[in-house]
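Reviewing the structure listed below.
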Amino acid sequence: MRIGVYICHCGLNIAHVINVESLRDKASELDGVLLSKNIQFMCSDSGQESIIEDIKENDLDRVIVAACSPHLHEPTFRRVLKKAGLNPYMLEMVNIREQCSWVHMDNPQMATQKASDLIKMGVARINLLDPLQIKKVPITKDVLVIGGGVAGIEASLTLANSGYHVYMVEKEPTIGGKMALLNEVFPTNDCSICVLAPKMTDVHNHENIDLLTMAEVSEVEGSVGNFQVKIAQHPRYVDADKCKGCVELCGDVCPVEIPSRFDFGLGKTKAINLPIPQAVPQSVYIDNDFCVGCGLCKQACPADAVNYEQKEEILDIKVGAIIVTTGYSHFDATRKTEYGYGVCPDVITNMEVERLINASGPTKGRILVPSTKAVPKKIAFIQCVGSRDEKVDNPYCSKVCCMSSMKNAQLILERYPDVEITIHYIDIRASGEMYEEYYIRSQSMGINFIRGKVAEAVFDDKNLSLRYEDTLNGEICEEAYDLVVLATGMEAVPDADRLSRLLNLSRRSDRFFAIAHPKMRPVDSHISGVYIAGCASGPKEIQVSIAQGSATAAKAIQLLSKGELETDPLSAHVKTDECIGCGICVDVCKFKKITMVDKKAEVDELSCMACGACSASCPVDAITMRNSTDEQIIAQIHAATEQKSQYPLIIAFLCNWCSYTCADLAGTSRIQYPTNSRVIKVMCAGRVDPSFVLEAFERGADGVLVAGCRLGECHYIFANYNAKQRMDALHEVLEDIGIDPGRLRTEWISAAEGERFANSMESFVEYLEEIGPIGSEIREDSE
Amino acid sequence: MNEDEQDESLTVTKDMDIDGSHFIYRQITEKSVKFLDYDYKRCVGCDICVAVCPTKALELGPMQEISTGLDAPPITMDLEKCTFCSMCASFCPVHAFVMTEEGDFPEDEKFPEFDSYVKMNEKCLPCSICKASCPEEAIEVEFTFKKKEDIAPFDENQKGEIEIDTEKCNFCGLCAEFCDAFLLIEKDKTPTDPAPFDLLLVDEDKCDYCVLCQDLCPEEAIKVQGERRGEAPEIEGNLTIDESKCTRCTWCQVVCPYDAVDIKKPFEGEIVLIDANVDQCDPQGCHGCFNVCPSHLWYVPEDRKIAIKEDYCTYCGACVNACPKDVMRVVRTQVNHTKIPDSPWASQWRDAIDAMVTSQRKFPNISRAIEAEPEPAKEHVEVEVPEIDPAYLEAARKRLDKAKPLLLNAKFRKVIESEGQEKVSKEIKKRLA
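Below, the structure is given as structure tokens:
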């Protein structure tokens, strides 16, 4: 070992509290350390240069940098090593700023000792580091887009225009999604299908896009870069290439009348039909729920396009990335029984009123009261139907309904200037570009806005009225209306369960698909290589869906552009000889990256998330986490406890994502806490093998802290539950064997709770001081 | 539709004709004809067709009155709604509905039908019993063996004796087929005693004691003392079931002494008499179930008002519709049908088959559809062209001719492009002066 230790002053940030010269001297005495140096600012150009020079002159083979948090500069120093010709993984950063000098300002002596201990732990670890190699794996550059709505269309076109081949899979007979069914869209009141149809046609005609309608994804295997996907395409019973879309010829002779799904039941069509006039592909299909087999459509078709022999086809494709744009479904308004939807014919939903206003709809653009077929004189809109409503389990806001109702009200007024329109709302949400101005214009057009919840719709054969509260007057009122429109909210698609299981996607409590980070990663899913855009991840307006569609395309391009993928060397690895085939790891890995092959466990290292939960569960330690091996961790424990420099001594396992970051935050916020902890960074609390905890106690640690992300917010989704289960079990074991279980403390803490971390440290130290050093409780018992 | 499309379009017309007891519904296109023939006299009012019809085009009439004498068709059809899908014809248990078609239609194999048969196995001789027993006259037997006259022509001079062992004779009727000397006497057939014959007589004037009948009889029930002339033939013949008449009533299977009949009925099910209501039954006055039952299984026993021969039941349910007193309950538990091939109509046919058991049919719900009158096209009115004195335009043109050369002058153009208001006015005044 030829180790170089560099201690950064960081100006006065470190040097003010810690005696850096003494540190340097102590470090130089450690085994394997060839040189030990102080530098003012390690991250500066000169600091970096001096490391490179030293490496070359002294033939150093590994480098310790004792400075700020690795979260800040680890990549910087990895690059320095690479520049100097060393493997970038032969670097150990020791945090003596955020987690030492900044938080122990009133105890410089102990802070220095802690820093020295931390460096000792660093040296112990670095001695065991492997020069890890980044592996490169060839990948497929094709992309699968699931869902042909506006988000999927945007993603596909961006990808296709960039030269990537796209498979678009849509379960309906036409693409266009919900946007193709809208009439006009806010805030410009553009005709929805007019702006969408050219894009739909582009998708159909694009040489780089394979459009598969009436198709669903039935199986997904493999992982990022190399997904093997099975697609089931249901028969349309019409040859889409031959069908001219004349539809009247076959539709007129079909004897079976069915409700039109795309008109939400307000319109009729035939069993053979064109779903919307602008359908892409422009071909009819036979609805096989209702066709009776009369055989007339085949006779009527002049293009000989009807083919009863078509069968379901299974396609096998290989793609490198998957984009999920499955959209949303509408809240079922029958669930709000107080509004009478489904019972009173004159209570309709916002989508139904869209279809009425739409020139291609059942009434060709006229608003008619369903029971009388007359033009309504008074119309009411009720907002927040099925949204912001705990009773139907939808506490969230569906974002677009306020604007949508205002838009429909404006359009109705333009067509029928004498109609009186009232919008009953709880809050008006008009938060986008030019939305507030739209709201003001709605008011100036004469649309009434009444704030207050509508209690119920009261109706009989002839009359319909609403009983509602007007909060501004403080009155309960009842008003008769000809037509009531329910602004129903968005819900996750009914297929979401199946899609979740197919792709291993997780869902939020509102049942939409979860994205990797609500702020910083809005289009990434938790699964490598799978991206989400549009309403699949939550209610949003068309502009945002389009933006997300492009964003996922960019992400896919970023992933696939090099044509190969670099494996993260931090993956799990099974030492096959030692594996006893118990299969515990297979169940523990919730990402399903471990399989049994010939009775031995095997990890898909390319897509392994590297949480370490499997490694901690292995009874024979046959799974190692590269760069976070059991040996490295044990070495750190030994180094920390070799000379018990402080009482009480706490070994703290902090997870890379939340608790370590949280401790850093305490540092940047200068929140002071006791010096008693010696930190070992792991990727996840799930990495902590119960045997580490026992080892720490055995070596003399008085307390062990295992801290991970808050339950339900783990970076690896489930692994902190594994950790909790193990530590809970360990608590019991400790109690049973007579060791005070309070010596093992678990904390589930988010990266933003710096204050809480400091308090936790304080209270832990207090507790340990009270109960005495490790083992003292046994001696007391036996006395 | 434009003109071209109108030429290409298919016209579908439907009409109805009545021929005796047959209602013949037709669907005619340029490329095909479908005939749906409904024989209302065959119909028993079981209303299975009503259950399977995908568009509710069929309706059951007043079966209680019809079964006790009212001459009216049990089923009425709304021709507007009929899709000519042929579900009624495929699943009518008595073949009252029959569909024939000509033209471009999917093959029959693409549609499911009942998996039900009546077949005679190798034990069948054949003999005359089932043909005579069948209440629907659906069995035809053609005997192909040589008759007695062809083997041993009548010789009046022969003497001898002939005796029939009534214990052994099962009235199979082969001897009567073979030789004219035998007389088979028919009897009334009842559900409990379906056998068609109960007496076999020999007309000794016509018998010449050739002994051939003794050799022929499969039960060895004939004893002849006489001179054997020739050799008795092997019993052989062809038996055919008329599928348009057979209702799977099972009489042939029950009456066959040789266990030669294999039957698979179209339905599995259950029929029970509701004892509480049997008291109310008036079999002499009403007789409804007797009249409609295609299996002829109803009878009046000695000890009760009414009874059934359950073996015959095909679970069609006609009796239930005919009965004014709810005397019986019929339940179908299973439909035996051929495999439903993959096709656009498989779902509807599967639902039709299920409906025969559950009575629940999946209909498209168009109740919410709004049908609006199309708005009338606006009438175009030609505009009135204004009348203006052309002299005005002439005067204006003369003045305009002064301005036009100005614009051709480059210096002037430069002035108006770049100079300020005052300079431009000065320049214009200068040039127009």
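Read top to bottom, the protein sequences are chains W and Z. Per the numbering used here, residue 1 is the first one in the first sequence, and the count goes up by one each step. Per the numbering used here, residue 1001 is the first one in the second sequence, and the count goes up by one each step. From the three backbone atoms N, C-alpha and C, an ideal C-beta is built for every residue, glycine too.
Contacts of residue i in chain Z (Cβ-Cβ under 9 Å)
i	result
W:Y308	P1106, K1110, S1343, P1344 and W1345
W:F331	Correct list: empty, because the minimum Cβ distance to chain Z is about 18 Å.
W:Y237	S1343 and P1344
W:E313	Within 9 Å Cβ-Cβ: nothing; W:E313 doesn't reach chain Z, min ~12 Å.
Alpha-carbon spacing of residue i relative to residue j, whole angstroms
i	j	result
W:H204	Z:E1102	40 Å
W:Q646	W:E762	15 Å
Z:E1163	Z:S1295	37 Å
Z:M1001	W:K199	Residue confidence for Z:M1001 is low, a pLDDT of 48 falling below 50, so the modelled location carries little weight and cannot support an answer.
Z:P1093	Z:P1266	8 Å
W:D446	W:I258	The displayed chain sequence assigns Gly, not Asp, to residue 446 of chain W. If I take the Cα positions, the gap works out to 39 Å.
W:E770	W:K56	52 Å
W:A15	W:S525	43 Å
W:L157	W:Q233	22 Å
W:P75	W:M42	13 Å
W:G686	W:G489	39 Å
W:S50	W:K26	21 Å
W:C301	Z:K1031	12 Å
W:D621	W:D495	40 Å
Z:Y1392	W:T372	59 Å
W:I367	Z:I1370	11 Å
W:Y416	Z:S1021	59 Å
Within chain Z, partners of residue i - CB distance below 8 Å
i	result
W:T363	I1370 and A1372
W:G267	A1369 and I1370
Close Cβ partners of residue i (< 8 Å) along its chain, the five nearest in sequence each way excluded
i	result
W:P569	Y89, L132, Q133, I134, K135, R626 and N627
Z:K1411	none
W:L503	V220, I322, V324, S525, I527 and V530
W:I382	Y339, H424, V454, L466, V484, V485, L486 and A487
Nearest-angstrom beta carbon gap, residue j and residue i [assumed within contact, 8 Å]
i	j	result
W:E541	W:V765	Not confirmed; about 52 Å, so no contact.
Z:C1175	Z:L1216	7 Å
Z:A1322	Z:C1289	5 Å
Z:P1194	Z:S1133	5 Å
W:N58	W:L35	6 Å
W:E154	W:S550	6 Å
W:A640	W:L654	About 14 Å; that fails the 8 Å criterion.
W:V256	Z:T1055	7 Å
W:A66	W:I7	5 Å
Identity of the residues DSSP links to residue i by a beta bridge
i	result
Z:R1332	Z:G1269
W:P138	W:E564
W:E420	W:K378
W:S329	W:E491
W:A729	Looking at the DSSP assignment, W:A729 forms no beta bridge with any residue, so it has no partner.
Z:M1063	Beta-bridge pairing links Z:M1063 to no other residue.
Z:S1032	Z:T1029 and Z:G1103
Z:W1298	Z:I1308
Beta-carbon contacts of residue i that lie in its chain and below 6 Å, excluding the five residues immediately before and after
i	result
Z:T1100	F1035
W:Q113	S645
W:G85	none
W:H206	A160
Same chain only: Cβ atoms within 7 Å of residue i, ignoring 5 sequence neighbours per side
i	result
Z:V1385	none
Z:D1007	none
Z:D1326	I1274 and N1277
Partner residues on chain W for residue i, Cβ-Cβ distance less than 7 Å
i	result
Z:C1472	Residue 1472 of chain Z is absent from the structure shown; chain Z starts at 1001 and stops at 1433.
Neighbouring residues, chain W, relative to residue i (Cβ below 8 Å)
i	result
Z:E1008	L249 and P302
Proximal residues of chain Z, C-beta to C-beta of residue i below 7 Å
i	result
W:Q299	L1010, T1029, K1031, S1032 and D1104
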